[in-house]
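J.: Before anything else, here's the structure in question.
Listed below in structure tokens is the structure:
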């Protein structure tokens with residue numbers, strides 16, 4: 605009986621190993637047979653398997669991004685992977701890319717969530733008018749959007765306070781607490797203030813939030829006024845009045861925190877910290893022409909405006925219901 609030449613079948617075995625053990629590195633698989641990654645790619649290309657090799661690279665890249673951003677959407681994944689391999693001949697279109705992810709079980713499933721109330725607007729503190737309605741901002745640190753959301757853990761609920769720069773969508777301040785006390789919002793505010801290059805940069809900046817007791821409290825309002833920051837608040841329960849903050853909350857929770865078992869506050873803090881770091885510096889943002897918030901906020905990248913003002917969004921919603 606004539607045995608097959610090991611030199612001709614090793615790459616097939618490597619491909620099989622990669623499909624069965626996707627987290628086992630390609631270089632290690634090749635090393636088992638005394639070959640390098642370059643030898644594998646060369647053999648695949650010479651034998652007409654270029655598309656197969658490219659697909660394997662794409663899947664490997666997607667898995668790497670999924671480790672950093674577990675629930676990032678497929679459209680943004682496509683943008684990231686295209687930046688790596690888009691110049692390669694045979695790079696798939698978006699539909700084919702989605703089919704490839706589906707074959708590998710890499711598409712996301714939507715999970716239903718519980719809801720906890722985080723806004724208590726039944727308080728004696730002063731409320732402020734909405735100053736950002738229909739305004740278009742042209743640079744970072746002209747307006748900060750703020751909100752509180754909850755994160756479930758096995759040990760109870762934690763509350764995440766976020767401050768987002770409206771122009772760049774960068775999270776400039778955040779704090780995690782086990783209660784809804786104002787002190788956690790104040791910690792997020794102090795972090796945001798520390799990102800300003802000069803103290804006078806805060807003068808004229810608009811701080812926009814809902815009418816929750818934390819943002820209306822004397823201590824919080826006094827701190828804003830001491831830095832010359834203008835105070836803006838939503839005037840109704842319409843989430844469109846604080847759409848950016850609501851959207852950023854949803855991104856952090858849905859793409860990093862849902863669907864994973866979070867043990868306690870310490871585990872939650874670590875996950876939130878990593879999520880915000882990745883969101884700011886790696887995740888492409890559709891409203892920023894698929895640039896990252898840090899690229900726009902810190903390095904002066906200028907996005908084309910894709911988002912709508914409050915009136916524009918409200919009108920679009922009314923038209924959809926007609």
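Numbering (this note's numbering), first residue to last: 605 to 926. No residue lacks a Cβ here, since even glycine has one placed at the ideal position from N, Cα and C. Fair warning: this is a prediction, and the values are worked out from it, not measured in the lab.
(1) Give me the Cα-Cα distance between residue 873 and residue 780, rounded to the nearest whole angstrom.
(2) Please classify residue 620 as buried or exposed, where buried requires at least 16 neighbouring CB atoms within 10 angstroms.
(3) Does the region 750–763 come within contact of the region 828–838, defined as at least 3 CB pairs closer than 8 Å?
(4) If I'm right that residue 887 touches residue 680 with Cβ under 8 Å, what's the distance once you round it to whole angstroms?
(5) Based on the DSSP output, what are the partners of residue 585 in its beta bridges?
(6) I'd like to confirm the pairing. Which residues does DSSP put opposite residue 777 in its beta bridges?
(7) Going by CA-CA distance only, name the one from 801, 818, 757 that's closest to residue 766.
(8) Out of curiosity, what's the CA-to-CA distance linking residue 556 and residue 809?
(9) With burial defined as no fewer than 16 other Cβ atoms inside 10 Å of the residue's Cβ, what is the status of residue 823: buried or exposed?
(10) When you compare the region 734–751 with the region 833–846, are there three or more beta-carbon pairs, one atom per stretch, that lie closer than 8 Å?
(11) Starting from residue 880 and walking both ways along the alpha helix (DSSP H), at which residues does that stretch end?
(12) Looking at residue 666: is its Cβ nearer than 8 Å to the Cβ of residue 710?
(13) What separation, rounded to the nearest whole angstrom, lies between the Cα atoms of residue 673 and residue 877?
(14) Helix, strand or coil for residue 901 per DSSP?
(15) Can you tell me whether residue 867 is buried or exposed? The criterion is at least 16 other CB atoms within 10 Å of its CB, across all chains shown.
(16) Applying the criterion that 16 or more other CB atoms from any shown protein chain within 10 Å of the CB defines a buried residue, is residue 852 buried or exposed?
(17) Looking at the unbroken alpha helix (DSSP H) that takes in residue 812, where does it start and where does it end?
(18) If you follow the alpha helix (DSSP H) that residue 790 is in, where does it begin and where does it stop?
(19) So for residue 890, helix, strand or coil by DSSP?
T.: Well, looking at it:
(1) Going from the Cα of residue 873 to the Cα of residue 780 covers about 7 Å.
(2) Counting other Cβ atoms within 10 Å of its Cβ, residue 620 stays below 16 and is therefore classed as exposed.
(3) Too few Cβ pairs lie closer than 8 Å, so no.
(4) Residue 680 and residue 887 do touch by the CB rule: their CB atoms are close to 7 Å apart, below 8 Å.
(5) Here the chain comprises residues numbered 605 to 926, so residue 585 is not present and cannot be evaluated.
(6) Per DSSP, the beta-bridge partners of residue 777 are 767.
(7) Put simply, of 801, 818, 757 the residue whose alpha carbon is nearest the alpha carbon of residue 766 is 818.
(8) Outside the displayed range of the chain (605 to 926) lies residue 556, so it cannot be described from this structure.
(9) With a threshold of 16 other beta carbon atoms within 10 Å, residue 823 falls short and is exposed.
(10) Under the three-pair Cβ rule at 8 Å, the region 734–751 counts as touching the region 833–846.
(11) Looking at the DSSP string, the run of the alpha helix (DSSP H) that includes residue 880 is 869–885.
(12) A contact, by the Cβ cut-off of 8 Å.
(13) For residue 673 and residue 877, the distance between alpha carbons rounds to 13 Å.
(14) Helix.
(15) Residue environment analysis places residue 867 among the exposed positions, since fewer than 16 neighbouring C-beta atoms fall within 10 angstroms of its C-beta.
(16) In the assembly as shown, residue 852 is a buried residue. Its beta-carbon has 16 or more other beta-carbons within 10 Å.
(17) Here residue 812 belongs to no alpha helix (DSSP H); instead the beta strand (DSSP E) covers 810–813.
(18) Counted as a single uninterrupted DSSP element, the alpha helix (DSSP H) harbouring residue 790 occupies residues 786–798.
(19) Three-state result, residue 890: helix.
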